[in-house]
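Okay, structure first, notes after.
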Amino acid sequence: MATAQRPPLAPAVRAAFERRTGPGRALAGDAERVARACHAMAARFHRGGKLIVFGNGGAATDAQHIAVEFVHPAIVGKRALPAVSLTNDCAALTGIARAEGFDAVFATQLRPLAAPADIALGLSRDGRCPNVLRGLETARALGLLTIALAGAGGGDIARSPAVDHALVARADDPCVVKEVHVTIYHVLWELVHVFVERPGLLEGKDTR
Numbered sequence: 201m202a203t204a205q206r207p208p209l210a211p212a213v214r215a216a217f218e219r220r221t222g223p224g225r226a227l228a229g230d231a232e233r234v235a236r237a238c239h240a241m242a243a244r245f246h247r248g249g250k251l252i253v254f255g256n257g258g259a260a261t262d263a264q265h266i267a268v269e270f271v272h273p274a275i276v277g278k279r280a281l282p283a284v285s286l287t288n289d290c291a292a293l294t295g296i297a298r299a300e301g302f303d304a305v306f307a308t309q310l311r312p313l314a315a316p317a318d319i320a321l322g323l324s325r326d327g328r329c330p331n332v333l334r335g336l337e338t339a340r341a342l343g344l345l346t347i348a349l350a351g352a353g354g355g356d357i358a359r360s361p362a363v364d365h366a367l368v369a370r371a372d373d374p375c376v377v378k379e380v381h382v383t384i385y386h387v388l389w390e391l392v393h394v395f396v397e398r399p400g401l402l403e404g405k406d407t408r
């Protein structure tokens, strides 16, 4: 009995790597931009600020992951940094969405939770999430440092004057965008700790 031949895996694997090569190299080219965002975040933590993270869909789980990364010291002796994800409380999200609309779910939570020394980090797969943009605009108006992780060229979010640091995954494929974002926020976590451990680099510095 003849067995069906499977198509060779090599072309599919090669194509998968090729989809990631350009975005990966673009991220490497943004090293200084990422480092500046890390320095600004560290300065806010040094002042006693906390990190507030939010996003939709798959980015909602990234927001939760980011908060966990910052709030637990994965390396012995490292300082735990305060962080919270606005995507954890489904009662708050759905209640606000029903009362004020989905575009308000993050901005409404930010107003009572945020302090001027804090950091707001919004994630968007394509840079076109109105609720993430409104959250970042609200955060900026409250005096927070604002950071956006966006894909597909960054969209309205990356171009917004409300965003202090836009870190863009230059890809349209949602899977590639997510992979680049995961890389970015792990680098953020690592480098923020590097700066926090050297307070002399943070004293009196511009926190934006």
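Start counting the sequence shown at 201; every next residue gets the next number (our numbering). Ideal Cβ placement from N, Cα and C applies to all residues, glycine included.
Top-ranked residue by Cα proximity to residue i, from the options
i	options	result
residue 398	355, 276, 223, 239	239
residue 278	402, 400, 391, 401	391
residue 327	377, 382, 339	377
residue 382	265, 400, 396, 255	265
residue 256	287, 246, 276	287
residue 408	247, 342, 364	364
Status (buried if at least 16 other CB within 10 Å, exposed otherwise) for residue i
i	result
residue 367	buried
residue 305	buried
residue 213	exposed
residue 253	buried
residue 290	exposed
residue 244	buried
residue 338	buried
residue 295	exposed
residue 375	exposed
residue 386	exposed
Residue i to residue j span [Cα, whole Å]
i	j	result
residue 241	residue 362	16 Å
residue 249	residue 215	43 Å
residue 336	residue 210	43 Å
residue 267	residue 380	18 Å
residue 311	residue 259	21 Å
residue 193	residue 218	Residue numbering for the chain in the displayed model covers 201 to 408; residue 193 lies beyond these limits and cannot be assessed.
residue 273	residue 356	34 Å
residue 155	residue 352	Only positions 201 to 408 of the chain appear in the structure, and residue 155 is not among them; the question remains open.
Residue i at chain B interface by Cβ criterion, 8 Å
i	result
residue 242	The chain inventory of the structure shown lacks chain B, comprising one protein chain alone.
Near the ligand GDP: residue i beta-carbon under 7 Å from a heavy atom
i	result
residue 254	For the ligand GDP, the structure offers nothing, since it holds no ligand at all.
Every unbroken beta strand (DSSP E) inside the segment 219-305 [3 residues or more]: 251-255, 283-285
Any 3 or more C-beta pairs closer than 8 Å across the segment 354-373 and the segment 219-232: yes
Cβ contact (3+ pairs, closer than 8 Å) linking the segment 341-349 and the segment 315-331: yes
Three or more C-beta pairs below 8 Å linking the segment 230-239 and the segment 283-303: no
Alpha helix (DSSP H) runs contained entirely in the segment 318-352, provided each spans 4 or more residues: 330-341
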